[in-house]
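A quick write-up on the structure given underneath.
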Amino acid sequence: NAGVTQTPKFQVLKTGQSMTLQCAQDMNHEYMSWYRQDPGMGLRLIHYSVGAGITDQGEVPNGYNVSRSTTEDFPLRLLSAAPSQTSVYFCASSSGRTSTDTQYFGPGTRLTVL
Amino acid sequence: GQQLNQSPQSMFIQEGEDVSMNCTSSSIFNTWLWYKQDPGEGPVLLIALYKAGELTSNGRLTAQFGITRKDSFLNISASIPSDVGIYFCAGQLRGGSNYKLTFGKGTLLTVNP
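Taken in sequence, the protein lines are chains P and H. Each residue of the first sequence is one higher than the last, beginning at 1 in this note's numbering. Each residue of the second sequence is one higher than the last, beginning at 1 in this note's numbering.
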């Protein structure tokens, strides 16, 4: 198993550009989520999904869109990038099937918006 | 929303020393998790706690789920250079489709050999 994979690893955008951060998992996990990590802020939840076709907002959803058409993939879209979205983005997944399952994190995407 | 206070923010210790860090919450959780993050990597789960009062060990790491369900601590004994990294606590309320994690801001650990 590759676990949770994210692409790209690094990205530089200009203000106003759009892009999609990719996240995929091969563990047949139902639950997937996106976090952003900023210095001194820990990880904050952006959006999450409890299964294909189901998404919901987290703590900091503004400026981001998600969709979940398959169990494996959970892309994060920035429609019009802003400098405030400069951050490191982590995708995570968990099976959601037991009371003791835990979340596995991808390696992250480091995004800079100029 | 729920907030976690994690302390200390950073620690500088000598190899071989013990380390202790903790998290407190303004509200209860029914799961506490401790993660470690190495530079350029995603967080990796160290210990998961599922019951109030639970004390769990993983090698040199020991963590406890506070009785009030609003706090947790992590101890690292006999630190080694590879313990360097950022340690995060995370709280989770499980119920229905709720699997969201709330993270502390992290403790940066530096170990001097």
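Don't be surprised by glycine CBs; every beta carbon is placed ideally from N, CA and C. Note that the structure is a prediction, hence the values are computed from the model and not measured.
For a cut-off of 8 angstroms, the C-beta gap from residue 22 of chain P to residue 101 of chain H is around 21 angstroms, too long to register as a contact.
By the neighbour-count criterion, in which 16 or more other beta carbons inside 10 Å mark a residue as buried, residue 4 of chain P falls on the buried side. Residue 91 of chain H and residue 29 of chain H have their alpha carbons spaced roughly 6 angstroms apart. Of all residues in the segment 48-75 of chain H, those with a C-beta nearer than 8 angstroms to a C-beta of chain P are 48 and 50, reading in chain order.
For residue 36 of chain H, the enclosing beta strand (DSSP E) starts and ends at 31-37. By the CB criterion at 8 angstroms, residue 25 of chain P and residue 19 of chain P fall outside the cutoff. In this structure, DSSP gives residue 84 of chain P a helical state, which the three-state scheme calls helix. Interface flag for residue 16 of chain H against chain P is unset, since no Cβ pair is found closer than 8 angstroms. Listed along the chain, the chain H residues whose CB falls inside 8 angstroms of the CB of residue 111 of chain P amount to none; the nearest CB is some 14 angstroms away. Of the candidates P:67, P:46 and P:45, P:67 places its Cα closest to the Cα of residue 53 of chain P.
Apart from sequence neighbours up to five positions away, the residues of its chain that approach residue 77 of chain H with a beta-carbon distance below 7 angstroms are 18 and 60, ordered along the chain.
Annotation: residue 6 of chain H to residue 16 of chain P spans about 35 angstroms, alpha carbon to alpha carbon.
Secondary structure at residue 26 of chain P: coil, using DSSP grouped into helix, strand and coil. Excluding five sequence positions before and after residue 51 of chain H, the CB atoms of its chain that fall closer than 7 angstroms to its own CB belong to 65, given in chain order. Interface residue (Cβ-Cβ distance to chain P less than 8 angstroms): residue 104 of chain H is classified as such. Contact between the segment 27-44 of chain P and the segment 88-97 of chain P is present: 3 or more CB-CB pairs across the two stretches fall below 8 angstroms. Measuring C-alpha to C-alpha distances from residue 77 of chain P to each of P:30, P:2, P:42 and P:111 identifies P:111 as the nearest.
Residue pairing by DSSP puts residue 73 of chain P in a beta bridge opposite P:24. DSSP places residue 25 of chain H in the strand class (E or B) of the three-state scheme.
For residue 90 of chain P, the C-beta contacts it makes with chain H under 9 angstroms involve 42 and 43, in order along the chain. Under a 10 Å Cβ-count criterion, residue 113 of chain P is classified as buried, with 16 or more other Cβ atoms of the shown protein chains found around its own Cβ. Scanning H:105, H:86 and H:111 for the CA closest to the CA of residue 37 of chain H turns up H:86.
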